[in-house]
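Colleague:
Residue numbers (full-length UniProt numbering): 1 to 894.
1. Is it buried or exposed, residue 208, if we count other Cβ atoms within 10 angstroms and call 16 or more buried?
2. By how many angstroms is the C-alpha of residue 310 removed from the C-alpha of residue 323?
3. So, is residue 485 buried or exposed, given that buried needs 16 or more other C-beta atoms within 10 angstroms?
4. When the Cα atoms are used, what is the spatial distance from residue 873 to residue 703?
5. Check whether the Cβ atoms of residue 176 and residue 152 lie closer than 8 Å to each other.
6. As an exercise, report each continuous beta strand (DSSP E) stretch of at least 3 residues that is fully enclosed by the stretch 685-743, in chain order.
7. For residue 448, name the three-state secondary structure that DSSP assigns.
8. What are the start and end residues of each continuous alpha helix (DSSP H) run of 4 or more residues lying completely inside the stretch 546-624, in chain order?
9. One question on the structure: do residue 60 and residue 19 come within less than 8 Å of each other, judged by their Cβ atoms?
10. For residue 106, which residues in the same chain have their Cβ closer than 6 Å to its Cβ, ignoring the five residues on either side in sequence?
11. Measure from the alpha carbon of residue 131 to the alpha carbon of each residue in 173, 169, 91 and 116, then state which is nearest.
12. Per DSSP, which one or two residues make a beta bridge with residue 838?
13. Does the pairing of the stretch 188-197 with the stretch 338-356 give three or more beta-carbon distances under 8 Å?
14. With a threshold of 8 Å, are at least 3 pairs of Cβ atoms found where one atom belongs to the stretch 394-403 and the other to the stretch 667-678?
15. Taking 8 Å as the cut-off, decide whether the C-beta atoms of residue 795 and residue 736 are in contact.
16. Among 258, 123, 73 and 607, whose alpha-carbon lies nearest the alpha-carbon of residue 201?
17. Residue 201 bridges to which residues according to DSSP?
18. Which of helix, strand or coil does DSSP assign to residue 313?
19. Please say whether residue 395 and residue 628 have beta carbons closer to each other than 8 Å?
20. Pull up the distance between the alpha-carbon of residue 31 and that of residue 70, whole angstroms please.
21. Output the distance between the C-alpha atoms of residue 876 and residue 557, rounded to the nearest integer angstrom.
22. Which partner residues does residue 638 have in the DSSP bridge list?
23. Rank 584, 576, 615 and 514 by C-alpha distance to the C-alpha of residue 550 and give the top, closest one.
24. Buried or exposed: residue 897, going by 16 or more other Cβ atoms within 10 Å of its Cβ?
25. Please go through the same chain and pick out, in chain order, the residues whose beta-carbon is closer than 8 Å to the beta-carbon of residue 284, but skip the five residues on each side of it.
26. Output needed for residue 143: all residues of its chain with C-beta closer than 8 Å, excluding positions within five of it in sequence on either side, in chain order.
27. Please name the residue or residues paired with residue 398 in a DSSP beta bridge.
28. Suppose contacts are defined by Cβ-Cβ distances below 8 Å. Is residue 210 in contact with residue 356 by that definition?
29. Three-state secondary structure (DSSP) at residue 64?
30. How many angstroms separate the CA atom of residue 11 from the CA atom of residue 164?
31. Given that a residue counts as buried once 16 or more other Cβ atoms are within 10 Å of its Cβ, and exposed if not, what is residue 430?
32. Between the alpha carbons of residue 574 and residue 529, how many angstroms are there, rounded?
33. Assuming residue 768 contacts residue 798 under a Cβ cut-off of 8 Å, what Cβ separation, rounded to an integer in Å, is found between them?
34. Compute the Euclidean distance between the alpha carbons of residue 765 and residue 730, then round it to the nearest angstrom.
35. Grab the span of the alpha helix (DSSP H) containing residue 453 for me, first residue to last.
36. If contacts are defined as beta-carbon pairs under 8 Å, then residue 371 and residue 612 qualify, I think. What distance do you get, rounded to the angstrom?
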């Protein structure tokens, strides 16, 4: 018997034993309450917070309220380890909870508690599907307790976003959250701002978001006017260049370097003296074209869909529509694939995930695999990783890796293993690292005439994801999946009866009421009895005509509500046929799937096959973790070859020499502890390399982040101000100070320099819109102090006259113009500044050759650029506001 409270790995659970016992005791006492009494917990706990009780003080009662609500709504009793996970999350830590331990429900505990102060909680997931699923499922708990649940999805209108951000708990993806922040800081009107602040955030799959995606900053961009013909020419040129003669590939850094011969060849081909010339640089285009051909591969890094290049996320295997590689790389790949080349973009706003999530007062996260990256979480995000013990002991057998000499032999061995498992009847999950490899294995299994399900980034396979995962645990089922990270659905041995029943209902309603044709249920292979239930359901729904005036989205939403909510909404009569059919079908599948589960357990549970070691140990652990959930039996084995990227780049030569020396046959794999250790070391090297990249990105972006916060703070001050005249006056006076200080300093250097005097005269005349005679008089008869106050006064007088003139034309117009000029000039200057900072970042590395620290030099140069930008903003705002000329059409109103 495995005892949670005495097992040595459960020290953290023992430390919180008293509090967990207290929560459970309170929860048991709540079982006697009626629904209304339980609902009154929310105002009661809010009131306690307002009366100076701390969140830690009300934690046991809040958690007990959620535990009892889960029991009533879903018939689920939370495990002790879930209560522990909730406590750790509330403390602002990262919880490592294995697959199948119920992370989604665990997050409701701290989300409910932290939402009681009314500042809002964000629950962040990796994709729209999971955000929607969790918001609808967990939303039932919050709605029952009278809290609002928000959901932000891609392509959602700003006014709908505003409403959802105002809810107590909002479910959202990391990219939407980051882009909304950037868009809010580009808003011209405060009514356009959608977000409400950054109080408490719980990130699901935290390692995927804060580690894997942290290498790429979030960028909002607008089209620039760079012509596309250079990409086409560079693509033609790249095809004529020869590897190791004209260029060298650095596979570790995923970079390409031109050799001297390559540079000469390119210059002769293009007919130019220098590919690095400043006026028309070609080097970047050529290098991008080479990267497109040699490093970024079709069906691995991207796919081509509808004449568009769509990025494939290397960690989750999912498509990333709308995302584009920057610096012209995406255009180079479009040229390679001969699809229409879109305009290159100019950065309008950007932020890294590291700096964005540090905006939150408290940050927490959940994942199945975080321990290997605990140092990075601690250093960058100031959060600790706490491993939560499993509810039941994991009995999965992780078998040693098998290493083959040739990749071909490895794939044959994998196909043989699949054949053996299929004949045995065990469900098998095969994890591949890209689309190309998953299709290669699929072709091999076709030759063996074995049925399989394919799950990869190809659109036709993505649509079947829920169906595939729902039955991946059934006996005699082979599932090929590209990277199983963040799938959000557990593989249940024998199959997932609830999910399968739900999907068959939804498919029937889709076919009958949206596609308006005979239900196509071949995939589900329903029995005649199930078909009868489905036909009866459709007949009643057609008679009731409830779907006649609904959009396809509303039909599907209504169907899901009927299936999941019916128990708690008995007054909704039109959901009866859907729910009745669902319960009858579920009853049939429950019996079938339970029998199959017993069969699968006797055979040894789910078998996981890894086809390649990933660059990160976490991704391998995520794949292994799909087997052995909740104490189920299972096994995992990785099949490798010396031609795999990781072994080839990081030390496979020594093993190859050993195999050659021992004269090992190509078809015979080697299995050794020493080899496993060297593979782990190779992975650690890669992890360390990428950590250094992320750390460097963070350090450099921290410099920009301080400037970003200053600019955004100034923008917010202006945006939320009702009277910005004082800000304009302040800008004008600071401009006068800077001109006079510059004049004074320059005069001291060279008193007899008429050119300098002329330049300063012109500058004052231009910016402040003063007559030539006044400016000359000013400099000949006044000292600096007198000059300054005279110009202050002249500036205010001129501004008052301008204000009176504009007020006469259109009352209230001057206030609108002030805000518009200020925000427009700040945004324009910031965009130009971002471009300069990007160029500085690219070139600063060369300073190391002069024995200078590039980061220190970057900070110094960045500071000078920032000061210049601030000065430029003040000057241009003063200039525009003093010289604005308006022609107003009398027939039009503003």
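Note that beta-carbon positions come from the ideal geometry of N, C-alpha and C, so glycine has one too.
Modeller: Quick look at the numbers:
1. buried
2. 8 Å
3. Low confidence applies here, because residue 485 scores a pLDDT of 46, under 50, leaving its location unreliable; read the following figure in that light. By the neighbour-count rule (16 or more Cβ atoms within 10 Å), residue 485 is buried.
4. 20 Å
5. yes
6. none
7. coil
8. 552-565, 576-603 and 617-624
9. yes
10. 82, 85 and 86
11. 173
12. Partner(s): none; residue 838 has no beta bridge.
13. no
14. yes
15. yes
16. 123
17. 122 and 363
18. coil
19. yes
20. 11 Å
21. 52 Å
22. 610
23. 514
24. With the chain covering only 1 through 894, there is no way to say anything about residue 897.
25. 327 and 328
26. 149
27. 636
28. no
29. helix
30. 40 Å
31. buried
32. Summary for residue 574: the model assigns pLDDT 48, below 50, so the residue's position carries little reliability, and this model does not support an answer.
33. 7 Å
34. 18 Å
35. It is not in any alpha helix (DSSP H) - residue 453 instead sits in the beta strand (DSSP E) that spans 453-455.
36. The Cβ separation is near 22 Å, so there is no contact.
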